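Novice: Starting off with a structure, shown below.
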Amino acid sequence: MRRLYAILIAAGFVYMMLSFLGVVPGYGNIDLCSRVSSSFLLKDVSEQNAKNWLMAKGLETKSIEKVYGEKNKEDGCANVVTSIVVNYRSFDTLGEVTVLFTAALGVGLILGGTRRKKYGLLPNFVFRESTRILVPLIILFGAYIFVHGHLTPGGGFPGGTIIAAAALLLYLADEEFFLSKVSTGALEGSMGGLYVIAGLLGLAIGGYFLYNFLPTGRVGNLISSGIVPIVYTFIGLKVGAELSGLITDLHSEEG
Amino acid sequence: MSWNEMLGQILMVVGGFFYFLGGLGMIRMPDVYNRLQAGTKATTLGTFSTVLGVGIAYPPFLIKSLIIIAFVALTNPVGSSVLARASYLAGVKPAPITKVDEYKGGESS
C-alpha cells in the first residue's frame with residue numbers, strides 16, 4: 030500500500046514536471062538579453078510587472094528592447110556595479126588586487142611553513158564523504174559567479190572567495206591534504222600579469238590604460254561588454270588562488 | 006491568477022511558516038543540539054518550499070530553483086551535523102532532561 034502511494038506521488042511529480050515543459054523554452058532558445066537585463070534593472074522576475082512598470086512610466090512596451098537590448102558603445106554591462114568596478118574604475122581595481130596580494134604576502138611571511146599542521150582528529154564521516162561531492166560543485170559555482178559578473182550581481186572577488194571556500198573545505202575534511210605553494214603562486218602571478226597585459230593592450234590600441242578595446246555587443250548577452258568578462262575571469266582566478274594560498278599558510282607549520 | 010501561481014504562492018506561505026517554526030525553536034528549545042536540529046530542519050524545509058514556490062509561480066526560473074534546492078539539500082544537513090559534533094567534542098553538555106547519549110555508545114543518562 031505504501032509503495033502504491035509512493036508511485037502515485039512520483040507519477041504526480043513527473044506529470045507536473047512534464048506539464049512545465051511546454052512553458053519552459055528549449056535549450057538555446059532563451060533570449061538571455063531580454064530576460065537578464067530587464068529583470069535585473071527593474072529588480073523583478075516577472076515580465077508582466079516589468080511591462081506594467083514601463084507603461085506606468087509612460088514608456089512604450091517596445092522600449093524594453095530599445096533601451097536594454099540595443100548596442101551600447103560605451104560599456105555594455107547589464108550590471109552597473111561591474112561596469113563601474115571593471116570598466117570606468119578598472120585602474121582602481123588593479124590597486125585593490127595589489128592590496129589583497131600584499132596582505133596575503135604578509136600572512137605568508139608571518140605564518141608560512143613547509144609542512145601541514147595536523148590536529149590528530151578524524152573528521153566527521155558525513156563531512157568527509159559529502160566534501161567529495163561538494164568541492165567540484167563549489168568550484169563550478171565560483172566560476173559561474175565570476176563569468177556572469179557583468180550580467181548578474183557577483184563578480185571576480187565573490188567568485189574567488191567561493192573557490193577558496195572549496196580549498197578550505199578540503200583542508201578541514203582531509204588531514205593529509207596540502208596545497209602546493211608553487212601552483213597557487215604560479216596561478217596568482219600569471220593572472221596578475223595577464224591583467225596588466227590587458228591594460229597595456231588597451232593602452233596600445235585605444236590610447237588609455239585598460240581601455241575597453243573589444244566590441245561590446247548587446248546588453249545582457251553572455252559574450253558582451255568587451256574585456257569586462259575577461260578581466261573579471263582574471264580577477265576571479267587570482268583572488269581564488271590568493272585566498273587558497275592564505276588558507277594554506279594558516280594550516281601550515283615550520284618543520 | 007493561474008493555477009501554478011496559486012500553487013507557488015501557497016508553497017511560499019508554507020515555507021514562511023517553517024521559517025517561523027525555526028525561529029520559535031531557537032527560543033523554546035533547551036540546549037545546543039535541540040536548537041540546531043530545530044533551526045536546520047525548519048530552514049531546510051522552508052527554503053525548499055519557498056524556492057520551489059518561486060520556481061512554480063514563474064516557470065522560467067524552475068530549473069534554477071531545482072538546482073538551488075539540490076545545493077541546499079547537500080550542504081545544510083552536513084553543516085548542522087559538523088556543528089553538532091564539534092560542539093559535542095568541545096564539551097557542551099546536553100540538557101539535563103536528555104535520556105540517551107548514543108554518541109557515547111550506550112543508554113546512560
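Sequences listed follow chains C and H, in order. Heads up, the working numbering is the position in the first sequence plus 29, with the first residue counted as 1. Heads up, the working numbering is the position in the second sequence plus 5, with the first residue counted as 1. Heads up, the beta-carbon is just placed ideally off N, CA and C, and yes, glycines get one too. Remember, it's a predicted structure, so these values are computed and weren't measured experimentally.
(1) Return the residues of the region 87-100 of chain H that lie within a Cβ-Cβ distance of less than 8 Å from chain C, sorted by chain order.
(2) Closer than 8 Å by beta-carbon distance: list the chain H residues that pair up with V164(C), in chain order.
(3) Are the beta-carbon atoms belonging to L14(C) and A195(C) less than 8 Å from one another?
(4) Measure the Cβ-Cβ separation of G171(C) and I192(C) and say whether it is below 8 Å.
(5) Under 8 Å between C-beta atoms, does T55(H) make it to chain C?
(6) Can you confirm whether F120(C), when its beta carbon is compared against all beta carbons of chain H, has any partner nearer than 8 Å?
(7) For N250(C), go through chain H and note every residue whose CB falls closer than 7 Å to its CB, in chain order.
(8) Within the chosen definition, does the region 250-266 of chain C reach the region 13-21 of chain H through at least 3 CB pairs nearer than 8 Å?
(9) Answer with buried or exposed for I167(C), where buried requires no fewer than 16 other C-beta atoms within 10 angstroms of its C-beta.
(10) Three-state secondary structure (DSSP) at L121(C)?
(11) Can you name the residues of chain C whose CB is closer than 7 Å to the CB of V83(H)?
(12) Hey, quick one: how far does the alpha helix (DSSP H) through P187(C) stretch, first residue to last?
(13) What does the alpha-carbon distance come out to for the pair L150(C) and K210(C)?
(14) Please return the same chain residues whose Cβ sits closer than 8 Å to the Cβ of F238(C), not counting the five positions on each side in sequence.
(15) Thinking just about the alpha-carbon of each residue, which of R118(C), S112(C), S48(C), V114(C) is nearest to the one in P64(H)?
(16) If N108(C) sits next to T190(C), beta carbons under 8 Å apart, how far is it from one beta carbon to the other, in whole angstroms?
(17) Hey, is the region 38-46 of chain H in contact with the region 67-79 of chain H, meaning 3+ C-beta pairs nearer than 8 Å?
(18) Could you list which residues in chain D have their beta carbon closer than 9 Å to that of F42(C), in chain order?
(19) K98(H) lies in the alpha helix (DSSP H); which residues open and close that run?
(20) Within 10 angstroms of its Cβ, does S54(H) collect 16 or more other Cβ (buried), or is it exposed?
(21) Let me make sure I understand the geometry here. Which of E217(C), Y173(C), A202(C) has the alpha-carbon closest to that of G188(C)?
(22) My assumption, with CB atoms under 8 Å, is that S281(C) sits in contact with T143(C). Please give the rounded CB distance.
(23) Under 8 Å, do L216(C) and A133(C) count as touching if we go by C-beta distance?
(24) Spatial neighbours of M34(H) within its chain, please: CB distance less than 6 Å, with the 5 preceding and 5 following residues excluded, ordered by chain position.
Specialist: Put simply:
(1) V87, R90, L94
(2) Position 135 of the first sequence holds residue 164(C). Here the premise fails: no neighbours, minimum Cβ distance about 11 Å.
(3) Past the boundaries of the shown model lies residue 14(C); chain C is included only from 30 to 284, so the question cannot be answered.
(4) Residue numbering aside, residue 171(C) sits at position 142 when the first sequence is read from its first letter. Residue numbering aside, residue 192(C) sits at position 163 when the first sequence is read from its first letter. A contact, by the Cβ cut-off of 8 Å.
(5) The sequence position of residue 55(H) within the second sequence is 50, counting from 1. No - not a single Cβ of chain C is within 8 Å of the one on T55(H).
(6) By one-based count along the first sequence, residue 120(C) stands at place 91. Chain H contact via Cβ: absent.
(7) Taking the first sequence and counting its residues from 1, one reaches residue 250(C) at position 221. Residues of chain H passing the Cβ test: none, with the nearest at roughly 17 Å.
(8) no
(9) Within the first sequence, numbered from 1, the residue matching residue 167(C) stands at position 138. When all chains shown are included, I167(C) counts as buried.
(10) Position 92 of the first sequence, counting from 1, holds the residue named residue 121(C). Just to set this straight, residue 121(C) is Asp in the shown sequence, not Leu. DSSP places D121(C) in helix when its eight states are reduced to three.
(11) Translated into the one-based positions of the second sequence, residue 83(H) becomes position 78. Result: V155, F156, S159.
(12) For the purposes of this step, residue 187(C) is identified with residue 158 of the first sequence, where counting begins at 1. Taken as a continuous stretch (DSSP letters only), the alpha helix (DSSP H) holding P187(C) covers 185-202.
(13) On the first sequence, residue 150(C) is found 121 positions in, with the first residue counted as 1. On the first sequence, residue 210(C) is found 181 positions in, with the first residue counted as 1. Approximately 24 Å, taken between the alpha carbons.
(14) As a working mapping, residue 238(C) is identified with position 209 in the first sequence. Hits under 8 Å: F120, G228, L229, G231, L232.
(15) On the second sequence, position 59 is the one that residue 64(H) refers to. The candidate whose alpha carbon is nearest that of P64(H) is S48(C).
(16) For this step, residue 108(C) is matched to residue 79 along the first sequence. For this step, residue 190(C) is matched to residue 161 along the first sequence. Not quite, the Cβ-Cβ distance comes to about 18 Å (not below 8 Å), so this is no contact.
(17) no
(18) The displayed structure is made up of protein chains C and H, and chain D is not among them.
(19) Position 93 of the second sequence, counted from the first residue, corresponds to residue 98(H). Element bounds for K98(H): n/a, residue is neither H nor E.
(20) As a position in the second sequence, residue 54(H) is number 49, starting the count at 1. Counting Cβ neighbours within 10 Å, S54(H) comes out buried, since at least 16 surround it.
(21) Residue mapping note: residue 188(C) aligns to position 159 of the first sequence, counting from 1. Looking at the Cα atoms, Y173(C) is the closest of the given residues.
(22) Indexing the first sequence from 1 puts residue 281(C) at position 252. Indexing the first sequence from 1 puts residue 143(C) at position 114. With 8 Å as the limit, S281(C) and T143(C) qualify as a contact, their Cβ atoms being about 7 Å apart.
(23) By 1-based counting over the first sequence, the position of residue 216(C) is 187. By 1-based counting over the first sequence, the position of residue 133(C) is 104. Against a cut-off of 8 Å, the Cβ pair of A133(C) and L216(C) comes out as no contact.
(24) In the second sequence, the residue the question calls residue 34(H) occupies position 29. For M34(H), where only same-chain residues beyond five positions count, the Cβ hits under 6 Å are R40, A43.
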